[in-house]
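Peer 1: Heads up, the sequence shown is in UniProt numbering, so the first residue is 1 and it goes up one at a time. Glycine included, each C-beta is placed from N, C-alpha and C at the ideal position.
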Amino acid sequence: MKSKRLSKAKRLSLDIITTLPQPIIETILCLLPIREAARTSILSRDWRYKWTTIPKLVFSTPDANPIMETSKLIRAIHQVISLRQDPIHEFTLSLHGNCFGKTGLPSCEVDQILCHLSKNHPVNKLILDFGASSDDCSYNLPFSVFSSLHRLTELYLSWCDLDHQPAFNGFGSLVVLSLDFVWISRKTLLCLLSSCPSLKSFRLIMPEDHVVGRENSTMIELFQCLPLIEHLTIWCDTIWWFVPDLVPQELPTSLIHLKYFCMEQMSFHHGYALTFLAILIKNSPNLEKIELQIDAAHYLFNDTDYDSDVYEEYHSDVWLEHLSNVWLEHLIELKITDFSNLEPELEFVKLILAKSPKLKKVSIKSVVKRDQEPGMLKTLLRTPRVSAVEIDVLMFKDHVVGRDEKSTMTELFECLPVIEHLTIWSEISPWFVPDLVPRDLPTSLIHLKYFRFEQMSFHDGYALTFLAVLIKSSPNLEKIELEIDDPDLYEKYHSDVWLEHLSNVWLEHLIELKIRDFSNLEPELEFVKLILAKSPKLKKVSIKCVVKKDQEPGMLKTLLRTPRVSAVEIDVV
Numbered sequence: 001m002k003s004k005r006l007s008k009a010k011r012l013s014l015d016i017i018t019t020l021p022q023p024i025i026e027t028i029l030c031l032l033p034i035r036e037a038a039r040t041s042i043l044s045r046d047w048r049y050k051w052t053t054i055p056k057l058v059f060s061t062p063d064a065n066p067i068m069e070t071s072k073l074i075r076a077i078h079q080v081i082s083l084r085q086d087p088i089h090e091f092t093l094s095l096h097g098n099c100f101g102k103t104g105l106p107s108c109e110v111d112q113i114l115c116h117l118s119k120n121h122p123v124n125k126l127i128l129d130f131g132a133s134s135d136d137c138s139y140n141l142p143f144s145v146f147s148s149l150h151r152l153t154e155l156y157l158s159w160c161d162l163d164h165q166p167a168f169n170g171f172g173s174l175v176v177l178s179l180d181f182v183w184i185s186r187k188t189l190l191c192l193l194s195s196c197p198s199l200k201s202f203r204l205i206m207p208e209d210h211v212v213g214r215e216n217s218t219m220i221e222l223f224q225c226l227p228l229i230e231h232l233t234i235w236c237d238t239i240w241w242f243v244p245d246l247v248p249q250e251l252p253t254s255l256i257h258l259k260y261f262c263m264e265q266m267s268f269h270h271g272y273a274l275t276f277l278a279i280l281i282k283n284s285p286n287l288e289k290i291e292l293q294i295d296a297a298h299y300l301f302n303d304t305d306y307d308s309d310v311y312e313e314y315h316s317d318v319w320l321e322h323l324s325n326v327w328l329e330h331l332i333e334l335k336i337t338d339f340s341n342l343e344p345e346l347e348f349v350k351l352i353l354a355k356s357p358k359l360k361k362v363s364i365k366s367v368v369k370r371d372q373e374p375g376m377l378k379t380l381l382r383t384p385r386v387s388a389v390e391i392d393v394l395m396f397k398d399h400v401v402g403r404d405e406k407s408t409m410t411e412l413f414e415c416l417p418v419i420e421h422l423t424i425w426s427e428i429s430p431w432f433v434p435d436l437v438p439r440d441l442p443t444s445l446i447h448l449k450y451f452r453f454e455q456m457s458f459h460d461g462y463a464l465t466f467l468a469v470l471i472k473s474s475p476n477l478e479k480i481e482l483e484i485d486d487p488d489l490y491e492k493y494h495s496d497v498w499l500e501h502l503s504n505v506w507l508e509h510l511i512e513l514k515i516r517d518f519s520n521l522e523p524e525l526e527f528v529k530l531i532l533a534k535s536p537k538l539k540k541v542s543i544k545c546v547v548k549k550d551q552e553p554g555m556l557k558t559l560l561r562t563p564r565v566s567a568v569e570i571d572v573v
């Protein structure tokens, strides 16, 4: 018996994707690697040319055999863009390894691609990443290729050479500019910035050896080129370009548009960085977020080559005095990574707390020694402030210096007498749990309302002990959030002592329990059962699970049949 062919109408009704609007199809194809998007041409006659209409093209080479792969990729790019009639709005080219230089491709291959784009397509976003392992293999980017890219709004350049005076009319529409490890002179940089009158976001990540020439310039010259800047990210090594001495100077015009500032690889031993920071903060009345990523290598690894002489000479606190009359009316958040508890770091945090009436959050990722933690936390939490700010301190186990010191949960929470929100990484729990026997804290955590445990495992006895002690000692807890780690990474903990410690607990104020990556282990289920049985005001239990499909019905049945003391909503994803 012959099978009947489906009518065209029925075939179309079954082909749901083809019937989608063209913008949605383009969005789907943009999410695929370009090679996979091209393969959709074999699906049907209707799909043959759909991939050629996507406005976003991303081309990149793998790390293996970069020269060979780059040659193939360049040929493919030429074919794609030469046959293309629809406009390209976003173009990314990422070439890794020593693709240029004496043993690599001639740079004219890339020049031709960029010239074609500039003349034939209204490109809005251009990303060029030429990661090289040696200076003589970098790509020399000719500004002439930009002559027709007048619609460009975002430009990201990495590992290329801009060591020449740009002879072009500028980017009148450019809003975002990012320069990562680009060889450039200060004169060329200022000329480039002054040619971008609409620039709102600027990122400059550049080590000292990427600077071409030794011309002097100042912060005044820099910010004259950035009149509308809203987001600024700069690397500490670049600071000395614009700070000729260690005396903070006033800018002639305030940076009234600046809302976000980030300094990477910053050091509070670096006088030029502190001077730049002080000037920028004082001249940015509408700043909303400050982010400092501190270079802590010298602290973590006892780097004897680290030069602290600049800071020693600068120990007059001139930079802090420059900020004595500042008032950060709009600052909402301060974020510091690799905080090492140096005196100037603490003084800076104190100043921010005292000068920011709308500050909501201070996030600190610390690398202090274990014996310094209590003092640091006590200092931070007792510092006067002018807003109801949340202070979030995170300490990484791998960043701990010294392994022999011992402390307890009692010592930790003695330093946190008014703690309301606590987030901790599971790997840190052994710091404060000397053994696997839960012990009551001498004083309840009466202010604690929210607790979050990240990378937690119900196979980890130390984490379970910490969790049990904390819950029993927190009578006003309103929300518990657990992010569960892979249980196979831990040796299974067979004791129920932690559950027994919670047998008499009554969570009078708990409203919500949230668990992520729930894997249906017996102790996980037992914990959820306990919460349901001990929380009279519980409103919601949210569980994102990673169980096998054949385990789902049994798990759901167990959860839904578990006795509870409140009309709780259980949401399982």
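For the alpha helix (DSSP H) containing SER158, name the first residue and the last one.
Peer 2: For the purposes of this step, residue 158 is identified with residue 158 of the sequence shown, where counting begins at 1. Not the alpha helix (DSSP H): SER158 falls in the beta strand (DSSP E), residues 154-158.
Peer 1: Who does TYR139 pair with in a DSSP beta bridge?
Peer 2: Here residue 139 is taken as the residue at index 139 of the sequence shown, counted from 1. Per DSSP, CYS160.
Peer 1: With PHE348 and VAL367 assumed to form a contact (beta carbons below 8 Å), what rounded beta-carbon distance in angstroms separates them?
Peer 2: Within the sequence shown, numbered from 1, the residue matching residue 348 stands at position 348. Within the sequence shown, numbered from 1, the residue matching residue 367 stands at position 367. At roughly 16 Å, the Cβ-Cβ gap does not stay under 8 Å, so PHE348 and VAL367 are not in contact.
Peer 1: From the DSSP output, read off the bridge partner residues of GLN293.
Peer 2: For the purposes of this step, residue 293 is taken as the residue at position 293 of the sequence shown. As DSSP reads the structure, GLN293 sits in a beta bridge with GLU264, THR337.
Peer 1: In the structure shown, what three-state DSSP assignment does GLN455 receive?
Peer 2: Here residue 455 corresponds to residue number 455 of the sequence shown, with the count starting at 1. Looking at GLN455 - three-state DSSP - the assignment turns out to be strand.
Peer 1: Work out the CA separation of ILE113 and SER426 for me, nearest whole Å.
Peer 2: In the sequence shown, the residue the question calls residue 426 occupies position 426. In the sequence shown, the residue the question calls residue 113 occupies position 113. Computed Cα separation, rounded: 50 Å.
Peer 1: Is TRP506 helix, strand or coil by DSSP?
Peer 2: Working through the sequence shown from its first residue, we reach residue 506 at position 506. DSSP, reduced to helix, strand and coil, places TRP506 outside both helices and strands of the structure shown, so it counts as coil.
Peer 1: Rounded to whole angstroms, how far is the Cβ of GLU569 from the Cβ of LYS537, which I believe are closer than 8 Å?
Peer 2: If you number the sequence shown from 1, residue 569 lands on position 569. If you number the sequence shown from 1, residue 537 lands on position 537. So it is not a contact: roughly 13 Å between Cβ atoms.
Peer 1: Which residue marks the beginning of the alpha helix (DSSP H) containing TRP431, and which one marks its end?
Peer 2: Numbered from its first residue, the sequence shown carries residue 431 at position 431. Segment 429-432, the alpha helix (DSSP H) holding TRP431.
Peer 1: Just to confirm the assignment, what range does the alpha helix (DSSP H) spanning ARG516 have?
Peer 2: Walking along the sequence shown from the start, residue 516 turns up at place 516. Premise fails: ARG516 lies in the beta strand (DSSP E), 512-518, not in any alpha helix (DSSP H).
Peer 1: Take PRO438 and list the residues in its own chain whose beta-carbon comes closer than 8 Å to its own, dropping the five residues that flank it on each side.
Peer 2: As a working mapping, residue 438 is identified with position 438 in the sequence shown. The residues are THR465, ALA468, VAL469, LYS472, VAL497, TRP498, HIS501.
Peer 1: Tell me the DSSP secondary structure of ARG439 in three-state form.
Peer 2: Counting from 1 along the sequence shown, the entry for residue 439 is found at position 439. Reduced to three states, the DSSP call for ARG439 is coil.
Peer 1: Report the CB separation of PHE518 from GLU483 in whole angstroms; it is logged as a contact under 8 Å.
Peer 2: In the sequence shown, residue 518 corresponds to position 518, counting from 1. In the sequence shown, residue 483 corresponds to position 483, counting from 1. Wrong, their Cβ atoms sit about 10 Å apart, outside the cutoff.
Peer 1: Would you mind working out which of SER198, ILE229, ASP237 sits nearest MET206, comparing C-alpha positions?
Peer 2: Within the sequence shown, residue 206 is the residue found at index 206, counting from 1. It is ASP237 whose Cα lies nearest to the Cα of MET206.
Peer 1: In the DSSP assignment, what are the bridge partners of PHE202?
Peer 2: Taking the first residue of the sequence shown as position 1, residue 202 is located at position 202. The partner list for PHE202 (beta bridge, DSSP) reads LEU177, LEU232.
Peer 1: Between HIS459, HIS231, LEU530, which lies nearest to ARG564 when the distance is taken from Cα to Cα?
Peer 2: The residue labelled residue 564 in the question sits at position 564 within the sequence shown. Nearest option by C-alpha distance: LEU530.
Peer 1: Measure the C-alpha to C-alpha separation of VAL547 and LEU95 and round it to an integer number of angstroms.
Peer 2: The residue you call residue 547 lines up with position 547 of the sequence shown. The residue you call residue 95 lines up with position 95 of the sequence shown. Using only the alpha carbons, I get a separation of about 40 Å.
Peer 1: Straight-line CA distance for GLN265 to THR337?
Peer 2: Along the sequence shown, one-based indexing puts residue 265 at 265. Along the sequence shown, one-based indexing puts residue 337 at 337. Cα-Cα distance, rounded: 10 Å.
Peer 1: Span of the beta strand (DSSP E) holding TRP425?
Peer 2: Indexing the sequence shown from 1 puts residue 425 at position 425. 421-425 is the extent of the beta strand (DSSP E) around TRP425.
Peer 1: Please work out which residues of its chain come closer than 7 Å, Cβ to Cβ, to PHE202, disregarding the five sequence neighbours upstream and downstream, and give them in chain order.
Peer 2: Here residue 202 corresponds to residue number 202 of the sequence shown, with the count starting at 1. The residues are LEU177, LEU226, ILE229, LEU232.
Peer 1: Would you call LYS200 buried or exposed, if buried means 16 or more other Cβ atoms sit within 10 Å of its Cβ?
Peer 2: For this step, residue 200 is matched to residue 200 along the sequence shown. Under the 10 Å beta carbon count, LYS200 is surrounded by 16 or more other beta carbons and is classified as buried.
Peer 1: In the DSSP assignment, what residue or residues form a beta bridge with ASP237?
Peer 2: On the sequence shown, position 237 is the one that residue 237 refers to. Partner(s): none; ASP237 has no beta bridge.
Peer 1: For LYS282, count neighbouring Cβ atoms within 10 angstroms of its own Cβ and tell me buried if that reaches 16, exposed if not.
Peer 2: Reading the sequence shown from its first residue, position 282 is the one you call residue 282. Classification of LYS282: buried, given that the 10 Å Cβ count is 16 or more.
Peer 1: Please report the straight-line C-alpha distance between LYS534 and GLU526, rounded to a whole angstrom.
Peer 2: Along the sequence shown, read from residue 1 onward, the residue named residue 534 stands at position 534. Along the sequence shown, read from residue 1 onward, the residue named residue 526 stands at position 526. Approximately 12 Å between the Cα atoms of the pair.
Peer 1: The alpha helix (DSSP H) with PHE348 in it runs from where to where?
Peer 2: Numbered from 1 along the sequence shown, position 348 holds the residue referred to as residue 348. Under the DSSP assignment, PHE348 falls in the alpha helix (DSSP H) whose first and last residues are 343-355.
Peer 1: In whole angstroms, what is the alpha-carbon distance linking THR408 and VAL433?
Peer 2: Counting from one through the sequence shown, the residue named residue 408 turns up at place 408. Counting from one through the sequence shown, the residue named residue 433 turns up at place 433. When rounded, the distance between both Cα atoms is 6 Å.
Peer 1: Would you tell me roughly how many angstroms separate the C-alpha atoms of ILE81 and LEU152, rounded to the nearest one?
Peer 2: For the purposes of this step, residue 81 is taken as residue 81 along the sequence shown, with counting starting at 1. For the purposes of this step, residue 152 is taken as residue 152 along the sequence shown, with counting starting at 1. Whole-angstrom Cα-Cα distance: 18 Å.
Peer 1: Determine, using beta carbons only, whether PRO344 and PHE268 come nearer to each other than 8 Å.
Peer 2: Within the sequence shown, residue 344 is the residue found at index 344, counting from 1. Within the sequence shown, residue 268 is the residue found at index 268, counting from 1. Yes.
Peer 1: Alpha carbons only, please: which of SER217, LEU204, PHE171 is nearest the one belonging to SER195?
Peer 2: The residue you call residue 195 lines up with position 195 of the sequence shown. If you compare the alpha carbons of SER217, LEU204, PHE171 with that of SER195, the shortest gap goes to PHE171.
Peer 1: Checking 8 Å against the spacing of the C-beta atoms, do THR423 and ASP460 come in under that value?
Peer 2: Your numbering for residue 423 matches position 423 in the sequence shown. Your numbering for residue 460 matches position 460 in the sequence shown. No, Cβ-Cβ distance for THR423 and ASP460 is not below 8 Å.
Peer 1: Could you spell out where the alpha helix (DSSP H) holding THR465 opens and where it closes?
Peer 2: In the sequence shown, counting from the first residue as 1, residue 465 sits at position 465. Residues 461-472.
Peer 1: Any idea if ALA567 is buried or exposed, counting beta-carbon neighbours within 10 angstroms, 16 or more meaning buried?
Peer 2: Residue mapping note: residue 567 aligns to position 567 of the sequence shown, counting from 1. Answer is exposed; the Cβ neighbour count stays below 16.
Peer 1: I'd like the list of long-range same chain contacts for THR558, defined as Cβ closer than 8 Å, with 5 residues on each side in sequence excluded.
Peer 2: Along the sequence shown, one-based indexing puts residue 558 at 558. Counting only Cβ-Cβ distances below 8 Å, and skipping sequence neighbours, we find LEU525.
Peer 1: Do TYR450 and PRO430 have their beta-carbon atoms positioned less than 8 Å apart in this structure?
Peer 2: Here the question's residue 430 lines up with position 430 in the sequence shown. Here the question's residue 450 lines up with position 450 in the sequence shown. It is not a contact, given that the beta carbons lie outside the stated cut-off.
Peer 1: Looking only at its own chain, which residues have a Cβ that is under 6 Å from the Cβ of GLU481, when we skip the five neighbours before and after it?
Peer 2: Your numbering for residue 481 matches position 481 in the sequence shown. So the list reads ARG452, LYS514, once near-sequence residues are dropped.
Peer 1: Just grab the DSSP bridge partners of THR92 for me.
Peer 2: Against the sequence shown, residue 92 aligns to sequence position 92. DSSP output for THR92 lists VAL58, ILE127 as bridge partner(s).
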